[in-house]
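Worksheet for the structure shown next.
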Amino acid sequence: MLTNELIRSKFDAGLDYAAYLATAKPHERDNWHNFHARARLTHEQQRLIGGFVRAMNVVVVSGAWCGDCVQQCPMLDHIARARPDLVRVRFVDRDLHADLSDLVRICSGQRVPVAVFANEDFDFVSLFGDRTLSRYRALAARQLGPSCPLPGAPVPDDEIAATLADWVNEFERVHLLLRLSGKLRQRHAD
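As structure tokens, then:
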């Protein structure tokens, strides 16, 4: 069960983006850095996230070796950097935190990345992962269509933008859920 005590302990054990990448092998780090440079929030997305007024704590179950993590976790860093005082993201390795990854299985698998969203008290709010809708659509078009790409095939810029938009939408959805929470509205008198 995703209790606030468990979420808080995993958040506290988690690493920020730079520290998490420091645990990766050099070739893995290079892949993350390269993808981080390609993913960019639009001005509108930055403005949206910059307008958040509720704190959220996010624990991302990940793997430095994982291709989906390489292509999505840098996006989460960009989102966190847009409002670092309120959007706090920590990364934990799936294999080192098996107790958490067992609780957030998707389709009976320990998939990554999986983001566990919590409020300022570390109460569970939402779970999102392992791929966004845009990412699944792109993969399905490639893999269920006439041919499958070779491993390491380039990711088109429009797919990166669509996947980043999906993640921003989920962060916005969680923010609005927190913004409209009766408990938090009473606490913050708004």
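Going by this note's numbering, the sequence shown wraps up at 198, each residue one higher than the last. Beta carbons: idealized from backbone N, C-alpha and C, even for Gly.
Beta-carbon proximity check, residue i vs residue j, cutoff 8 Å
i, j, result
"Gln118", "Arg102", "yes"
"Pro121", "Val68", "yes"
"Glu13", "Ala63", "no"
"Phe60", "Arg91", "yes"
"Val182", "Ile87", "no"
"Ala30", "Met83", "no"
Sequence-distant residues of its chain with Cβ nearer than 8 Å to residue i (five each side left out)
i, result
"Asp174", "Thr140, Leu141, Ser142, Arg143"
"Leu49", "Ile57, His86, Ile87, Ala90, Leu172, Val176"
Burial state of residue i (16 or more Cβ within 10 Å)
i, result
"Asn42", "exposed"
"Ser70", "buried"
Nonlocal neighbours in the same chain, by C-beta distance under 7 Å from residue i, ignoring five residues either side
i, result
"Leu10", "Leu111, Val124, Phe132"
"Asp138", "Asp76, Ile114, Arg119, Val120, Pro121, Val122"
"Ala169", "none"
"Trp73", "Glu36"
Same chain only: Cβ atoms within 6 Å of residue i, ignoring 5 sequence neighbours per side
i, result
"Pro159", "Only weak support is given to the placement of Pro159: the predicted model assigns it a pLDDT of 47, under 50, and the question is left unresolved by the model."
"Asn39", "Val78"
"Phe136", "Ala123, Glu178"
"Leu147", "none"
"Gly22", "Val67, Arg98, Phe99, Val100"
"Cys81", "Ser70, Pro121"
Range of the contiguous beta strand (DSSP E) that encloses residue i
i, result
"Met64", "64-70"
"Phe43", "Looking at the DSSP string, Phe43 is not in any beta strand (DSSP E); the run it does join, the alpha helix (DSSP H), is 34-46."
"Phe125", "122-126"
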